[in-house]
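So for the sequence shown, numbering that gives the first Met the number 0 puts the first residue at 0; every next one is plus one.
We treat Cβ as the ideally placed atom computed from N, Cα and C, and that holds for glycine.
Source: prediction; values computed, not measured.
Presented below is the structure to which this report refers.
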Amino acid sequence: MENVIQSIAEVCGYIWQKGWGERNGGNLTVNLTEFFTSDVLAGEQHPLGVTLPHIAGQYFYVKGTQKRMRDLAHKPMENGCIIRITDDGTAYKAVGEYVPPTSELPSHLMVQDYLQHTGSAYKATLHTHPIELVALSHHRALLDDSVRPNRLTHTLWSMIPETLAFAPLGIGIVPYQVPGSVELAQETLSKIRDYDVVLWEKHGVFAVGQDIMDAFDQVDVLNKAARIYLDALTYTAAHPDSEPEGMTDKAMQDVQRIFNLPKQRPC
Ligand code: 13P
Ligand code: ZN
């Protein structure tokens with residue numbers, strides 16, 4: 000378990016260095032159940048407000064609300080805590096020191112519940128504020144699927160072959176909702192069935208992965224493509240007759256074939 004906590008701290012350090020974690024921005028959970036023998040705990044019970052039957056009795060590391068990624072990078076157990084979901088799936092208790100969990104707990108735990116329900120091996124959920132992806136989420140034309148389905152995904156895939164290779168499910172769009180709300184969690188849940196990374200319009204991204212590094216990597220790859228796209232557009236600003244070309248559909252099909260990419264989340 001020490002290694003898992005260590006890699007959570009490492010990822011939080013990267014997020015801070017990238018400028019994605021201003022103040023307390025961003026949060027995460029990692030399923031730690033494999034390291035515990037199920038035990039009913041003493042101590043205060045905190046209601047979830049929903050019933051999550053598939054993670055009943057399971058254990059999670061959770062970032063604390065108002066805690067900073069840059070602090071978590073050095074002191075993970077002071078800026079987050081381990082919780083156990085009660086056996087009826089309606090509440091949680093802290094294992095050891097209690098740090099009030101992130102305000103985005105509804106999204107994280109509803110998605111963790113879904114992952115367990117589907118028998119997925121994915122253990123990590125990550126919410127962060129990557130600058131370039133959030134910038135693109137302000138452009139309605141890129142989010143509008145009526146022009147071309149999955150327009151933003153195709154734009155990002157077409158920047159460099161690695162984007163398609165390492166983020167083969169692309170990016171889903173979650174319309175703006177109040178941070179921390181159950182509505183945001185429900186919209187996230189409906190999109191995360193098809194994508195490993197979803198864009199919370201005008202706010203950030205929410206990603207799932209086999210572990211926290213995997214979730215971070217997918218966001219990093221997609222954000223790199225967003226940055227290249229925005230950099231290419233600065234040239235267009237000076238030379239209005241020159242649009243970023245993007246890889247051709249044929250070039251992208253070749254990448255898909257050569258890497259034998261999955262069209263759905265592997266278990
Ligand atoms: P927390 O400090 O509650 O984790 O909130 C940060 C955030 O990014 C909310 O969307
Ligand atoms: Zn946020």
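Rounded straight-line distance, which links the Cα of residue j to that of residue i
| i | j | result |
| --- | --- | --- |
| Arg-83 | Leu-260 | 36 Å |
| Phe-165 | Glu-9 | 20 Å |
| Gln-115 | Pro-265 | 14 Å |
| Asn-23 | Ala-41 | 30 Å |
| Met-109 | Ser-241 | 45 Å |
| Val-49 | Thr-89 | 6 Å |
| Ala-236 | Met-251 | 26 Å |
Contact set for residue i: own chain, Cβ-Cβ below 6 Å, skip 5 residues either direction
| i | result |
| --- | --- |
| Ala-123 | Val-29, Gly-208, Asp-210, Ile-211 and Ala-214 |
| Gly-56 | Ser-37 and Asp-86 |
Run of the beta strand (DSSP E) containing residue i, from where it starts to where it stops
| i | result |
| --- | --- |
| Val-196 | 196-199 |
| Thr-233 | Here Thr-233 belongs to no beta strand (DSSP E); instead the alpha helix (DSSP H) covers 211-237. |
Residue i Cβ short of 7 Å to the ligand ZN heavy atom set
| i | result |
| --- | --- |
| Pro-261 | no |
Own chain, CB closer than 7 Å to residue i, minus 5 neighbours either side, in chain order
| i | result |
| --- | --- |
| Leu-31 | Met-0, Val-3, Tyr-58, Phe-59, Tyr-60 and Ile-81 |
| Arg-150 | Leu-141, Asp-143 and Asp-144 |
| Leu-71 | Ala-8, Cys-11, Lys-62, Asn-78 and Gly-79 |
| Glu-131 | Asn-222, Ala-225, Arg-226 and Leu-229 |
Own chain, CB closer than 8 Å to residue i, minus 5 neighbours either side, in chain order
| i | result |
| --- | --- |
| Gly-20 | Cys-11, Ile-14, Arg-67, Met-68, Arg-69, Thr-127 and His-128 |
Opening and closing residue of the alpha helix (DSSP H) in which residue i lies
| i | result |
| --- | --- |
| Lys-190 | 181-191 |
| Gly-95 | No alpha helix (DSSP H) holds Gly-95; DSSP gives it neither H nor E. |
| Ile-257 | 248-257 |
| Val-133 | 130-135 |
### Query
Under a criterion of Cβ closer than 7 Å to any non-hydrogen atom of the ligand 13P, which residues qualify, in chain order?
Residue list for the ligand 13P: Asn-23, Gly-24, Gly-25, Asn-26, Lys-62, Thr-64, Gln-65, Lys-66, Thr-101, Ser-102, Glu-103, His-126, His-128, Pro-178, Gly-179, His-202 and Gly-203 (CB closer than 7 Å to any heavy atom, chain order).
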